[in-house]
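There are 2 protein chains.
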Amino acid sequence: MDKTEVAVPDRANPKGFVAPAPNANDATLLSISAAERDTGLSKDVLRMWERRYRFPKPLRDKHDERIYPPDQVAKLRAIKRLMDRGFRPGKIIGLSLDDLNALGSAPTGGPTHDSKVEAILLLIRNHQLPELRQRLNQLLMRQGLQRFIFETVAPLTTAVGDAWVRGEFAVFEEHLYTEQIQSLLRNAIASAQTHNKPPRVLLTSFPTEQHKLGLLMVEAMLVVDGATCIPLGTEIPAPEIVRASAAHRADVVALSFSAAYPERQAGTGLRHLRAHLPREVDLWAGGACVRRLRKSIDGVVLVRSLEQIGTLVADWRAAHGEE
Amino acid sequence: MDKTEVAVPDRANPKGFVAPAPNANDATLLSISAAERDTGLSKDVLRMWERRYRFPKPLRDKHDERIYPPDQVAKLRAIKRLMDRGFRPGKIIGLSLDDLNALGSAPTGGPTHDSKVEAILLLIRNHQLPELRQRLNQLLMRQGLQRFIFETVAPLTTAVGDAWVRGEFAVFEEHLYTEQIQSLLRNAIASAQTHNKPPRVLLTSFPTEQHKLGLLMVEAMLVVDGATCIPLGTEIPAPEIVRASAAHRADVVALSFSAAYPERQAGTGLRHLRAHLPREVDLWAGGACVRRLRKSIDGVVLVRSLEQIGTLVADWRAAHGEE
DNA sequence: GTCAAACGTTTGTCTTGGACATTTACAAAA
DNA sequence: TTTTGTAAATGTCCAAGACAAACGTTTGAC
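Sequences listed follow chains A and B, in order.
For the numbering used here, add 813 to where a residue sits in the first sequence, where the first one is 1.
For the numbering used here, add 813 to where a residue sits in the second sequence, where the first one is 1.
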């Protein structure tokens, strides 16, 4: 994920640092490269939108290169955010920034969170790192790894993501949260790890899917059930997944898809991977994106909730009982 | 975005899925987007080199779009790797892949690796995950966290990076290695953590710098010395770093720069960050890129080796003794 | 009423070649 | 030695056109 704040002070030049700004103008004007990084929209897209929709309308510097003022960048960011949720640019590019923000917060519904989650969000917002660590640890101990994951980590991660997307969290706040959870989960996983008990599950995600926490949550659930995990981290291309599953003699390949991942791409990717994977290797797909998929995919198990994982492992074992 | 029906399998399309490859040719032909990702050279650069140096010379698909065969991609990767070490494209673009590799290994010295490192590389290459885990753990126990890091993890990570860049390691092999080390280090860090002892060190990297392991190594070294770490993970924009250091009342901001990071950019970025950070906050910069910098930067401590960190912490404490 | 195939629209990526800003390398001057 | 200048090198940006893939909607079948 990316940026949060709007009045991004510097990074006027492509590489991300303030150009010395010879003629001492605002430090908030972004070059097209900087805008690309700040918005997540490629240069080609930025130029294309300008041509097609007449937005953005960047200023030009003395050599006729685009310069994006902060308000346009903010609007671009808001648009990108909504697009990740499924909106299409043409429909929303004409709206005002306020309208865009309203559109973004409405459907999520503010008060979905329980008080525990709210309390932790507050710790993050107030930068109380020791308290945050302690609280998370306490919850882990009290709830046990599995309940901790689906009662605390999962909703909390969603809440943090939402808050970030609404501009309520700074980039660094979201990153710090991610680091803490990662540390906690990796520790728990290491302690819970058993040895060489089937099924052997290869865990990863497709390229452009960078959501590490999702994978870690799954790994934790699996480890508790005594499965053996081969974690590859995120963003492995399909052919590499096939090679890796052969090299590690995986029984199952499990993929994670965050909410931002395009559904269609998930479907295509899964079908394709299924076709290239040996028949005897199971293929499981989970994550917010999969939860939205309507149709089932032949030969692919769609995991719609974390709780389901235990059952899946048990089923696998039942089917491969005597080996 | 994707082209599916072009016979461009393997990451041929931007999103990373194999086109079904009806006419079963190589699984390794890359589109320009894929080549960009695989080589780290921007599309513009790929096209410009083609125009200027007549290399690369990609094939064309039926719609006249560039298709890069694996050997050209390998050569591009080799060139990029040498450029990261300071070579200039014009000088080396004419050389053969073998020459490039020779050029690359010579200065580093092929046989710099000791036998321990070689043995571990072999475990990775042979996909012996349990043995790898066990061996790393054993070394950690035997050497202690600090020696483990600069005698094992650091050289091993370099070796894995080199091997990957030379095409000797697959993507998934490198990722699996990274995951294992990450798990190990995060565990060690969690165990060694003490509470609220100064200095408070904020750890992160600039945007485009994604090397997690470097940061984890530093964090481990710091934790052993009893410092308090605020790990933000990678890729935080400069203004966010400033805000975060204020929010967490950091005494020191420490940044990591991998070998691939452009020296000039590191310099500019550091100077700029220094200017925006309060005087009383120290700024430390480390990593392979920093090691190459000649000139010192005013108000920035250039950390040229991991071993140095202990001294730095001690120095800081001496200077802030009574607080 | 549900599913699926077929169509039009929308959208993003790729193409070309030119222009020029920014670096780097090297030589001359202080 | 360090600084400054200049030429060569290298990368980024621009424009407009083309078109494949994604999306949504309508139509047709069961």
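By construction, the Cβ of each residue, glycine as well, lies at the ideal position given by its N, Cα and C atoms.
Chain A partners of residue i, CB-CB under 8 Å?
| i | result |
| --- | --- |
| alanine 1033/B | Those within 8 Å of alanine 1033/B in chain A number zero; the least Cβ separation is about 12 Å. |
| leucine 942/B | Ile1043, His1061 |
| arginine 999/B | Gln995, Ser996, Arg999, Asn1000 |
What residues from chain B crowd round residue i, counting only those whose CB sits closer than 8 Å?
| i | result |
| --- | --- |
| asparagine 914/A | Under the 8 Å cutoff, chain B gives no residues; its nearest Cβ is about 21 Å from asparagine 914/A. |
| glutamate 1053/A | Ala983, Val984, Phe985 |
Tell me which residue opens and which closes the beta strand (DSSP E) that residue i is part of.
| i | result |
| --- | --- |
| glycine 1099/A | 1095-1099 |
| leucine 1115/B | 1114-1116 |
I'd like to know if residue i contacts chain A, where contact means its C-beta is closer than 8 Å to some C-beta of that chain.
| i | result |
| --- | --- |
| isoleucine 906/B | no |
| alanine 1057/B | yes |
| alanine 1073/B | no |
| arginine 865/B | no |
| threonine 1139/B | Residue 1139/B lies beyond the range of chain B shown here (814 to 1136); nothing can be said about it. |
| valine 984/B | yes |
| threonine 991/B | yes |
| isoleucine 1110/B | no |
| proline 1050/B | yes |
Name the DSSP beta bridge partners of residue i, please?
| i | result |
| --- | --- |
| arginine 879/B | Arg873/B |
| valine 1014/B | Cys1042/B, Val1065/B |
| isoleucine 1110/A | Val1113/A |
CB residue i to CB residue j, shorter than 8 Å?
| i | j | result |
| --- | --- | --- |
| aspartate 857/B | alanine 1072/B | no |
| valine 1126/B | leucine 1035/B | yes |
| valine 984/A | proline 1050/B | yes |
| arginine 946/B | glutamine 993/B | yes |
| isoleucine 1054/A | glutamate 1032/A | no |
| valine 886/A | aspartate 912/A | no |
| alanine 1067/A | tryptophan 1097/A | yes |
| valine 1113/A | arginine 1087/A | yes |
| arginine 999/B | leucine 958/B | no |
| glutamine 1006/B | lysine 1025/B | no |
| leucine 1138/B | isoleucine 962/B | The question about residue 1138/B has no answer, for chain B in this structure spans 814 to 1136. |
| threonine 1017/B | glycine 1046/B | yes |
| valine 1014/A | alanine 976/A | no |
| isoleucine 880/A | leucine 859/A | no |
| valine 1065/A | proline 1012/A | yes |
| proline 943/B | asparagine 939/A | no |
Closer than 8 Å, CB to CB, is residue i near chain B or not?
| i | result |
| --- | --- |
| isoleucine 1043/A | yes |
| alanine 1060/A | yes |
| glycine 974/A | no |
| glycine 1080/A | no |
| alanine 1101/A | no |
What are the start and end residues of the alpha helix (DSSP H) that includes residue i?
| i | result |
| --- | --- |
| asparagine 1000/A | 984-1005 |
| methionine 1053/A | For the record, residue 1053/A in the displayed sequence is glutamate; it is not methionine. Start and end: 1051-1060. |
| alanine 848/B | 845-852 |
| arginine 1077/B | 1076-1089 |
| arginine 1119/B | Arginine is not the amino acid found at residue 1119/B; the sequence shown has leucine there. Careful: leucine 1119/B lies outside any alpha helix (DSSP H) and carries neither H nor E. |
| alanine 967/B | 967-978 |
| aspartate 857/B | 856-866 |
| asparagine 1009/A | From DSSP, asparagine 1009/A is part of no alpha helix (DSSP H); its letter is neither H nor E. |
| asparagine 950/A | 942-960 |
| glutamate 1032/A | 1025-1037 |
| alanine 932/A | 928-938 |
Using the beta-carbon of each residue, which ones in chain A are nearer than 7 Å to residue i?
| i | result |
| --- | --- |
| glycine 1046/B | His988, Thr991, Glu992 |
List the residues of chain B that residue i touches, going by C-beta distances under 7 Å, in chain order.
| i | result |
| --- | --- |
| alanine 1003/A | Ser996, Asn1000 |
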